[in-house]
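Trainee:
There are 2 protein chains.
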Amino acid sequence: MASKRPGIVAPDDTDALCCPSLVESPLGEAEAVELSRVLGALADPVRIRLLSIVAAQGEVCSCDLEGPLAKSQPTISHHTRILSEAGLLDGEKRGRWMWWSVNSGRLAAVRRVLGG
Amino acid sequence: MASKRPGIVAPDDTDALCCPSLVESPLGEAEAVELSRVLGALADPVRIRLLSIVAAQGEVCSCDLEGPLAKSQPTISHHTRILSEAGLLDGEKRGRWMWWSVNSGRLAAVRRVLGG
DNA sequence: ATCGTGTATCGACCGCTGTCAATGTCGGAG
DNA sequence: CTCCGACATTGACAGCGGTCGATACACGAT
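Quick look at the structure:
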């Protein structure tokens, strides 16, 4: 794993996002709960823009997000945590700085379940 | 507009979902708010399964959703309204029954903004 | 070791959201 | 017309979620 920090668990690849698209066959309740968790991580303006900024720059450290997003440092940390736990953001601590990058495979999986 | 019933507004096609993918350039705040609204409509286990059921059957009336989803009639009505206002579900009243179908174009637009 | 800085966590506040019982509305059947 | 059934709306409740100040933690520099 990339990060040794506790509390950040990288979701494995054997979850609901590997299963049939929702437009093909009705999803079970467990799959729906899992998928709604990931979509819930995306369903926030601040996190959408955060993900967008990280995607555009490739790698961004937390301190460079407070300005563009106009949010306090604890709030930024909160949102990066949510996205990280959803598997959409990968974090790596280098020195004192936390560097974030998007997990494009995870994003692609979300698109696929949505009928891609 | 297709429906004369008040409260249900069909989202036009000139909104944030027509704009660049979030992985290409940072989204503006207004676009992020709009997108998060649509994703928020998807970020619920009941609505995910509801959409999945409608997609699988092509057309479903409200009364046939209470059983599979194990929710009360007002709750079903609430969720169909959310999905309808998000543009993900199209509704047509035929007689006493409300028939729902998925707006696959809208779903495709969501996928596209997510990097498709 | 001590200090300074970048992040994470805690606690609290408040608005939002899912849920259902009760009620209202509309359309068809008799 | 009157009744019945499908659906929408309202009101109320509980739980979740975004936000920030205060605080704790981790790491590099001195």
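Those sequence lines, one after another, are chains A and B. Note that the first sequence ends on residue 1534 in our numbering; no numbers are left out. Note that the second sequence ends on residue 1534 in our numbering; no numbers are left out. Using N, Cα and C, we set each Cβ at its ideal position, and we do this for glycine too.
#1: Going by C-alpha to C-alpha distance, which of A/Ser1522, A/Glu1447, A/Val1456 sits closest to A/Asp1508?
#2: Verify whether the separation of the beta carbon atoms of B/Val1456 and B/Ala1504 is less than 8 Å.
#3: Count the other CB atoms within 10 Å of the CB of B/Glu1477; is the residue buried (16 or more) or exposed (fewer)?
#4: Report the rounded CA-to-CA distance for B/Asn1519 versus A/Gln1491, giving the unit in angstroms.
#5: Three or more beta-carbon pairs under 8 Å between the segment 1464–1484 of chain B and the segment 1436–1443 of chain A, yes or no?
#6: Since I believe B/Ile1494 is in contact with B/Ser1480 (beta carbons under 8 Å), could you give me their beta-carbon distance rounded to a whole number of angstroms?
#7: Look at the alpha carbon of B/Val1528 and the alpha carbon of A/Arg1524, and state the distance between them as a whole number of angstroms.
#8: How would you list, in chain order, the residues of chain B whose beta-carbon sits under 8 Å from the beta-carbon of A/Ser1443?
#9: State the DSSP-derived secondary structure class of B/Glu1477, mapped to helix, strand or coil.
#10: What separation, rounded to the nearest whole angstrom, lies between the Cα atoms of B/Cys1437 and A/Leu1469?
#11: DSSP has B/Lys1511 in a bridge; who is on the other side?
#12: Leaving out five residues on either side along the sequence, give the residues of the same chain with a beta carbon under 7 Å from the beta carbon of A/Arg1512.
#13: In its own chain, which residues sit with a C-beta less than 7 Å from the C-beta of A/Met1516, not counting the 5 before and 5 after it?
#14: Here's the rule I'm using: 16 or more other beta-carbon atoms within 10 Å means buried, otherwise exposed. How should B/Arg1514 be labelled?
#15: Using a Cβ-Cβ cutoff of 9 Å, what residues of the segment 1503–1527 of chain A are near chain B? List them in chain order.
#16: Going along the segment 1478–1494 of chain A in order, which residues come within less than 7 Å of chain B, judged by CB to CB distance?
#17: Assign B/Ala1488 to buried or exposed, taking buried as 16 or more other Cβ atoms, counted over all protein chains shown, within 10 Å of its Cβ.
#18: Alpha carbons only, please: which of A/Val1451, A/Glu1447, A/Leu1460 is nearest the one belonging to B/Val1451?
#19: Exposed or buried, which one is B/Glu1449 when buried takes at least 16 other CB atoms within 10 Å?
#20: Hey, B/Pro1463 and A/Ser1502: beta-carbon distance below 8 Å or not?
#21: Which residues in chain B sit within 8 Å of A/Arg1499, going by Cβ to Cβ distance?
#22: Have a look at B/Gly1458, B/Pro1486, B/Leu1435 and flag the residue whose alpha-carbon is nearest the alpha-carbon of A/Glu1447.
#23: Here's the rule I'm using: 16 or more other beta-carbon atoms within 10 Å means buried, otherwise exposed. How should A/His1497 be labelled?
#24: Check the C-beta distance from B/Gly1374 over to A/Gly1534 and give it rounded, since I have them as a contact under 8 Å.
#25: Could you name the residues of chain B that A/Leu1460 contacts, counting a contact when the two beta carbons are closer than 7 Å?
Mentor: By the coordinates alone:
#1: A/Ser1522
#2: yes
#3: exposed
#4: Per the sequence presented here, residue 1519 of chain B reads as Ser, with Asn not at that position. Going from the Cα of B/Ser1519 to the Cα of A/Gln1491 covers about 43 Å.
#5: yes
#6: The pair is a contact, with the Cβ atoms about 6 Å apart (cut-off 8 Å).
#7: 15 Å
#8: Ser1470, Ala1474
#9: In the three-state scheme derived from DSSP, where H, G and I count as helix and E and B as strand, B/Glu1477 is classed as coil.
#10: So the alpha carbons of these two residues sit roughly 16 Å apart.
#11: B/Met1516
#12: No residues qualify anywhere along the chain.
#13: Same-chain partners within the cutoff: Cys1479, Ser1480, Gly1509.
#14: That one is exposed.
#15: Val1520, Ser1522, Leu1525, Ala1526
#16: Within the segment 1478–1494 of chain A, no residue has a Cβ that lies closer than 7 Å to any Cβ of chain B.
#17: exposed
#18: Closest option to B/Val1451, Cα to Cα, is A/Leu1460.
#19: So B/Glu1449 ends up on the buried side.
#20: Against a cut-off of 8 Å, the Cβ pair of A/Ser1502 and B/Pro1463 comes out as no contact.
#21: Within chain B, no residue comes near A/Arg1499; the closest Cβ sits about 17 Å away, beyond 8 Å.
#22: B/Pro1486
#23: buried
#24: With chain B running from 1419 to 1534 in the structure shown, residue 1374 of chain B is simply not present.
#25: Ordered by position in chain B, the residues that pass the 7 Å Cβ test against A/Leu1460 are Leu1457.
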